[in-house]
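First comes the structure, then the notes that go with it.
2 protein chains.
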Amino acid sequence: MKGFDFEEERLKQEIARLGAKRVLLQLPEGLKPEAPRLAKIIEKTGALPIVSADPCYGACDLATSEAESLAVDLIIHFGHAKLLKHEKVPTLYLETRSTATVDCAVEASLALLTRYSKIGLATTVQHVQTLDTVREILVRAGKIVVIGDAGRISYPGQVVGCDFSNVKSIAQEVDAFLFVGGGKFHALGVALATSKPTVVADPYDKTAYSVDQEVQKILKQRWASIEEAGRAKIFGVLISLKPGQKHFDEAVKIKDIIEKMGKTAFLFETREILPETLIEFLTVDAYVNTACPRISLDDASKFRKPVLTVNEFMVVSGESSWDDLLNKGLFEN
Amino acid sequence: MKGFDFEEERLKQEIARLGAKRVLLQLPEGLKPEAPRLAKIIEKTGALPIVSADPCYGACDLATSEAESLAVDLIIHFGHAKLLKHEKVPTLYLETRSTATVDCAVEASLALLTRYSKIGLATTVQHVQTLDTVREILVRAGKIVVIGDAGRISYPGQVVGCDFSNVKSIAQEVDAFLFVGGGKFHALGVALATSKPTVVADPYDKTAYSVDQEVQKILKQRWASIEEAGRAKIFGVLISLKPGQKHFDEAVKIKDIIEKMGKTAFLFETREILPETLIEFLTVDAYVNTACPRISLDDASKFRKPVLTVNEFMVVSGESSWDDLLNKGLFEN
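If you want it as structure tokens, here you go:
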């Protein structure tokens with residue numbers, strides 16, 4: 005796969021340095037086709053590579069229980085920066101930086117940023133190394149550029165699907181955000197977390213576009229889901245077992261709150277929150293999702309019942325209002 | 005849900021007797037809608053119920069790692085008889101017997117059994133209590149009835165998706181099998197494992213039908229998959245982490261055999277073997293499945309690449325022939 009740095013030399017060196025004998029490879033969906041090639045490189049070091057074929061959507065989803073079950077001595081996690089404070093199994097994060105140049109996409113974004121003078125930058129770990137270039141292009145075009153660093157994740161300006169602390173930390177200072185990266189997922193997160201106009205500069209397609217209309221659609225949809233959940237009598241509270249998504253105590257607290265509201269609540273544990281999983285529980289009217297909050301927001305149309313984030317549930321329970329929610333964020337801690 | 009015995013009284017008594025404080029409920033897909041009602045019963049005992057929402061296709065798929073992760077002190081597994089020799093977490097199996105009467109379906113099956121005089125019986129745990137009645141009806145119709153007991157699973161005459169030892173043990177003595185139960189899944193297993201004509205008596209629909217045509221389709225399809233895998237250069241060897249489906253050492257052995265054949269092999273671990281999981285690995289030509297062998301046989305049309313059982317792979321490797329395979333069984337140990 006061209007366009008990404010898989011750090012093959014570092015991979016070999018780290019396996020040798022750690023003396024790993026059995027290695028679990030984990031890659032996000034877009035990078036999975038590279039797994040056999042990388043496994044072959046690992047095999048040549050003398051270690052036995054095992055590829056995790058399961059879906060992987062973030063470093064929250066580290067395959068530690070799989071690694072323990074297979075007596076693996078090293079996890080190699082591609083495509084995400086470290087997120088968990090501690091790993092139960094030694095883990096090497098290979099961030100898989102993109103080698104795509106950003107100039108054309110950022111130049112294209114200028115036409116969409118004419119109304120704004122102070123621009124906040126956001127990107128994923130794949131493109132953090134480009135932020136200086138992005139800043140230069142914007143400054144040359146007369147913009148004031150701000151890059152946030154709240155200190156919670158690995159790099160200034162970086163966002164991950166559920167952590168937008170870096171952009172939130174500068175939201176008051178800027179007129180709009182420019183997100184550098186592919187796809188709408190992270191850009192929508194920036195816009196939802198900050199309520200600021202957000203433009204995508206896509207280095208893969210060399211294009212730029214706004215996500216503001218889509219954000220409005222999501223907000224309307226979330227409002228409808230919260231309304232519908234307000235009428236629910238029976239709730240399911242969803243618990244994930246993924247290391248960075250497991251919030252058991254929070255789930256039990258939410259169950260208690262629901263019961264104090266005179267309603268019924270059940271705890272459901274699940275590895276993947278899928279429409280076909282929830283469809284089995286016909287009597288449940290609405291769900292509260294203590295796992296990855298982005299499933300609630302981005303996959304809403306696939307679910308037959310409302311699947312609220314914890315923050316959204318607080319509106320249903322009366323502990324928060326819609327306005328509070330917009331200020332605090334639909335899904336962030 | 006009418007028609008099944010969920011043993012609610014025994015459920016309460018066992019929770020009290022074991023002093024369980026946190027309980028994980030696991031039900032197969034067809035019974036999942038009952039989970040909230042059963043959780044409510046458990047809650048009234050003072051224990052905290054958590055429902056496993058993930059797919060569950062057998063007692064091989066016991067949610068022990070989920071139970072450990074959630075510090076659960078009792079798993080209640082509905083719908084299957086005990087299969088594992090030891091459980092890492094205390095487990096109560098509630099077999100969820102069907103209360104459907106079998107008379108009408110068995111009477112209907114007689115028209116399909118006229119050519120056969122010696123009939124072997126097979127059923128799932130849901131209907132094992134009906135086998136005496138089934139025998140009586142067949143004997144009254146002039147048949148000789150045989151019920152196999154190879155001692156490997158819980159009840160004489162019982163089959164589970166991957167263990168047909170009870171019917172195999174009597175296959176030489178009978179002309180045909182009568183399977184009592186719903187759906188084609190187990191009946192196809194009986195026919196594939198024994199190469200005998202197999203008729204289903206479905207107590208839910210009160211109907212009877214033969215699966216012999218479908219068996220021929222499966223055999224043709226398997227032959228085509230084996231042929232295609234024979235031309236493969238790159239293999240994936242699939243490893244499951246489910247307690248009754250984990251065969252890591254076998255997977256490594258198969259990888260070695262493939263490499264001795266001058267071909268390439270990669271190990272893949274996965275929780276669920278799904279078409280969308282395997283589709284990511286574009287360069288892999290064929291898979292060998294060391295997990296649930298029924299996925300290879302019953303879901304073949306959903307996969308783009310051949311997914312062989314271990315027994316089928318032995319034909320590709322030359323250790324076995326198609327005739328041996330038919331004698332030994334496509335998938336059984």
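Protein chains in written order, with this note's numbering: chain L, 5 to 337; chain X, 5 to 337. Each residue gets a CB set at the ideal place from its N, CA and C atoms; glycine is no exception. As the structure is a prediction and not an experimental result, all values here were calculated from the model.
Chain L contacts from the segment 18–49 of chain X (Cβ-Cβ distance under 7 angstroms): Residues of the segment 18–49 of chain X that bring their beta carbon within less than 7 angstroms of a beta carbon in chain L comprise Glu33, Lys36, Pro37, Ala39, Pro40 and Ala43, in sequence order.
Residue-level contact to chain L via CB, Asp289 of chain X, 8 angstroms cutoff: no
Return the first residue and the last residue of the beta strand (DSSP E) that His81 of chain X is part of. Leu78 to Phe82
Say whether chain X places a C-beta atom closer than 8 angstroms to the C-beta of Phe252 of chain L. By the rule that beta-carbons nearer than 8 angstroms mark a contact, Phe252 of chain L touches chain X.
Alpha carbon to alpha carbon, how far is Pro32 of chain X from Ala20 of chain L? 45 angstroms
Which of helix, strand or coil does DSSP assign to Pro37 of chain L? helix
Going by the CB atoms, is the gap between Ala269 of chain X and Glu263 of chain X shorter than 8 angstroms? Here Glu263 of chain X is near Ala269 of chain X, since their CB atoms are less than 8 angstroms apart.
Just list the alpha helix (DSSP H) runs in the segment 224–260 of chain L, keeping only unbroken ones of 4 residues or longer that don't cross its boundaries, in chain order. none
List the DSSP bridge partners of Thr211 of chain L. L:Asp206
Stretch-stretch touch, CB-based, cutoff 8 angstroms, three pairs: the segment 127–142 of chain X with the segment 32–42 of chain X: When C-beta atoms of the segment 127–142 of chain X are compared with those of the segment 32–42 of chain X, fewer than three pairs fall below 8 angstroms, so the two segments do not count as touching.
With the cut-off set at 8 angstroms, would you say Thr68 of chain X and His81 of chain X are in Cβ contact? no
Can you give me, in chain order, the residues of the segment 54–65 of chain X that have a beta carbon less than 7 angstroms from any beta carbon in chain L? Identification of residues in the segment 54–65 of chain X having a C-beta nearer than 7 angstroms to some C-beta of chain L yields Ile54, Val55, Ser56, Ala57 and Asp58, given in sequence order.
How should Gly240 of chain X be labelled, buried or exposed, when 16 other C-beta atoms within 10 angstroms of its C-beta is the threshold for buried? buried
Residues near Ile230 of chain L by beta carbon distance below 7 angstroms, same chain, minus five either side: Taken in chain order, the residues that qualify are Leu312, Glu316, Val319 and Val320.
Buried or exposed: Leu42 of chain X, going by 16 or more other Cβ atoms within 10 Å of its Cβ? buried
Coarse secondary structure for Lys264 of chain X, derived from DSSP in three states: helix
Along chain X, which residues have their Cβ under 8 angstroms away from the Cβ of Ile238 of chain L? Pro40
Can you list the beta strand (DSSP E) stretches of 3 or more residues lying completely in the segment 35–74 of chain L, in chain order? 52–56
Starting from Gln17 of chain L, follow the alpha helix (DSSP H) in both directions and report where the run begins and ends. Glu12 to Leu22
Would DSSP call Gly193 of chain X helix, strand or coil? helix
8 angstroms Cβ cutoff, Arg275 of chain L in contact with chain X: yes
List, from N- to C-terminal side, the alpha helix (DSSP H) runs of 4 residues or more that fit wholly inside the segment 300–326 of chain L. 314–320
From the beta carbon of Thr281 of chain X, is the nearest beta carbon of chain L less than 8 angstroms away? yes
N- and C-terminal bounds of the beta strand (DSSP E) containing Asn293 of chain X: Ala290 to Asn293
Counting beta carbon pairs with one atom in the segment 78–93 of chain X and one in the segment 106–120 of chain X, are three or more of them shorter than 8 angstroms? no
Please classify Glu177 of chain L as buried or exposed, where buried requires at least 16 other C-beta atoms within 10 Å of its C-beta. Answer is exposed; the Cβ neighbour count stays below 16.
Need the endpoints of the alpha helix (DSSP H) that Lys122 of chain L sits in, please. Where Lys122 of chain L is concerned, there is no enclosing alpha helix (DSSP H), although the beta strand (DSSP E) it sits in stretches over Lys122 to Thr127.
Proximal residues, the segment 61–92 of chain X versus chain L, C-beta separation under 7 angstroms: Ser69, Glu70, Ser73 and Leu74
Closer than 8 angstroms to chain L by CB, Glu231 of chain X: no
Does the CB of Glu284 of chain L have a neighbour CB from chain X at under 8 angstroms? Yes, because at least one Cβ of chain X sits closer than 8 angstroms to the Cβ of Glu284 of chain L.
Secondary structure of Leu98 of chain X, DSSP reduced to three states: strand
Which partner residues does Arg26 of chain X have in the DSSP bridge list? X:Leu52
Which residues in the same chain as Thr287 of chain X place their Cβ atom closer than 8 angstroms to its Cβ, once the five residues preceding and following it in sequence are excluded? Ile238, listed in sequence order.
Could you please give the first and the last residue of the uninterrupted beta strand (DSSP E) stretch that includes Ala180 of chain L? Ala180 to Val184
Cα separation between Ser324 of chain L and Val184 of chain X? The straight-line gap from Cα to Cα measures roughly 56 angstroms.
Quick one, are the C-beta atoms of Glu12 of chain L and Ile54 of chain L less than 8 angstroms apart? No; because the gap between Cβ atoms is not below 8 angstroms, this pair is not in contact.
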